[in-house]
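Structure, as structure tokens:
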Amino acid sequence: MVAPIYRIGRRKASRRISAVIDRLNTSYKRHELAEISGSDPFRVLICGILSARAKDTQTAPVCRKLFELADNPASLLVIPKAKLKSIIRPIGFYNQKTDALRKTCRILVENYEGDVPETFEELVKLAGIGRKVANLVLSVAFGKDAICVDTHVHRITNRLGWVESNDVLDTEKQLMALVARRRWRTLNYVFVRHGQECCHPLSPWCSRCPIEKWCAKVAVTRCR
DNA sequence: AAAACGGGGGC
DNA sequence: GCCCCAGTTTT
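Per our numbering, the first sequence runs over residues 1 to 224.
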């Protein structure tokens with residue numbers, strides 16, 4: 001166990017951050033949703049909407065099935081609403097997610113000629129897109145310097161002792177100041193994977209954790 | 001049985 | 001800021 005990063009020197013902190021991300025990156029080489037969506041803006045957007053409060057293992061098959069039927073907003077709108085619902089049902093929240101998908105696709109067709117807008121302000125105006133998904137799209141689809149903080153990133157970075165915060169937005173700000181920009185994109189994927197495989201909310205498997213020696217283990221049983 | 005799941009929207 | 005959404009898997 002190590003001291004939290006906000007209590008050690010800047011240079012040492014920066015080395016530790018690199019080490020952690022490198023190690024996670026080799027431990028979790030595959031990111032299923034990332035492989036499905038690639039960097040295609042429409043697909044990243046749809047994966048983002050569907051993945052809210054759902055597990056990757058559930059979301060991935062749904063995204064695959066959906067992209068077989070439609071890989072752009074116009075063709076998604078052709079799918080009957082009932083059919084769309086039945087596809088989304090397994091991951092829960094299917095009424096909201098179906099409506100959000102259709103509404104967003106209508107906006108894309110009507111206002112953006114079927115393309116996905118490239119600014120945060122425009123993205124969050126779409127249905128089913130909040131801060132997290134907007135940043136995901138900016139980062140993954142458009143290669144912009146956005147950092148995407150979800151509950152996994154929040155929980156893990158707090159446990160590691162990288163930031164000290166109860167608030168996701170605050171965690172996002174602290175991480176932007178702490179982590180090198182070129183790492184932002186991978187950070188989200190490796191932490192999500194790590195959160196699902198190992199660093200669970202209530203009982204993390206520290207004994208099989210690849211980065212345990214760099215973890216401050218702050219609030220291990222509390223952080224969500 | 002309960003908790004968890006890559007949040008977002010309406011109020 | 002609070003509460004709801006909803007079905008499936010894991011503990």
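The beta carbon of each residue, even a glycine, is placed where N, CA and C say it ideally should be.
Burial state of residue i (16 or more Cβ within 10 Å)
i: P117; result: buried
i: L76; result: buried
i: N158; result: buried
i: P80; result: exposed
i: V78; result: exposed
i: G9; result: exposed
i: S51; result: buried
i: K132; result: buried
i: A100; result: buried
Neighbourhood of residue i by C-beta, 6 Å cutoff - its chain only, sequence neighbours within 5 removed
i: M1; result: K217
i: N135; result: A146, C148
i: T98; result: L84, K85, I88
i: F191; result: H152, V153, I156
i: A13; result: I5
i: D56; result: E32, L33
i: V168; result: V149, H154
i: M176; result: I147
Close-in-space but distant-in-sequence residues of the same chain around residue i (CB under 7 Å, 5 per side omitted)
i: K125; result: none
i: K144; result: L138
i: A219; result: N158, R159
i: F120; result: A134, L138
i: E212; result: C206
i: R193; result: Y28, H31
i: R23; result: P210, I211
i: V62; result: L50, I87, I88, P90, I91
beta-carbon residue i near the ligand HEM non-hydrogen atom, thresh 7 Å
i: E118; result: No copy of the ligand HEM occurs in the structure displayed, which carries no ligand at all.
For residue j and residue i, believed in contact at Cβ under 8 Å, the rounded distance
i: R30; j: S37; result: Actually they do not touch by this definition, with Cβ atoms about 14 Å apart.
i: R183; j: C198; result: Not quite, the Cβ-Cβ distance comes to about 20 Å (not below 8 Å), so this is no contact.
i: I49; j: I107; result: At roughly 13 Å, the Cβ-Cβ gap does not stay under 8 Å, so I49 and I107 are not in contact.
i: S39; j: P210; result: Actually they do not touch by this definition, with Cβ atoms about 27 Å apart.
i: L66; j: I91; result: The Cβ separation is near 11 Å, so there is no contact.
i: I21; j: G161; result: Contact doesn't hold; Cβ gap of about 15 Å is too wide.
i: A293; j: T104; result: The structure shown does not extend to residue 293, since the chain is modelled only from 1 to 224, so the question has no answer here.
i: F93; j: R64; result: Not quite, the Cβ-Cβ distance comes to about 19 Å (not below 8 Å), so this is no contact.
i: W214; j: A3; result: No, W214 and A3 are not in contact; Cβ-Cβ is about 11 Å, not under 8 Å.
i: V109; j: A74; result: 6 Å
Same chain, Cβ closer than 8 Å to residue i, five either side skipped, listed in chain order
i: A34; result: V140, Y189
i: T171; result: V149, V153, H154, T157, N158, V163, S165
i: K173; result: none
i: N72; result: F42, G114
i: T186; result: I21, N25
i: L178; result: I5, A13, I17, W162, V163
i: T59; result: L33, C47, L50, S51, I91
i: N95; result: K85
i: F142; result: P41, E118
i: R181; result: D145
Please list the segments of the alpha helix (DSSP H) lying wholly inside the stretch 22-95, counting only runs of 4 or more residues, in order along the chain. 32-37, 41-50, 56-69, 73-78, 81-88
Kindly provide the ranges of any alpha helix (DSSP H) runs that are 4 or more residues long and lie completely inside the stretch 108-132, ordered along the chain. 120-123
Jot down the residue ranges of each uninterrupted beta strand (DSSP E) in the stretch 136-189, minimum 3 residues, whole runs only, in chain order. Runs of the beta strand (DSSP E) inside the stretch 136-189: none found.
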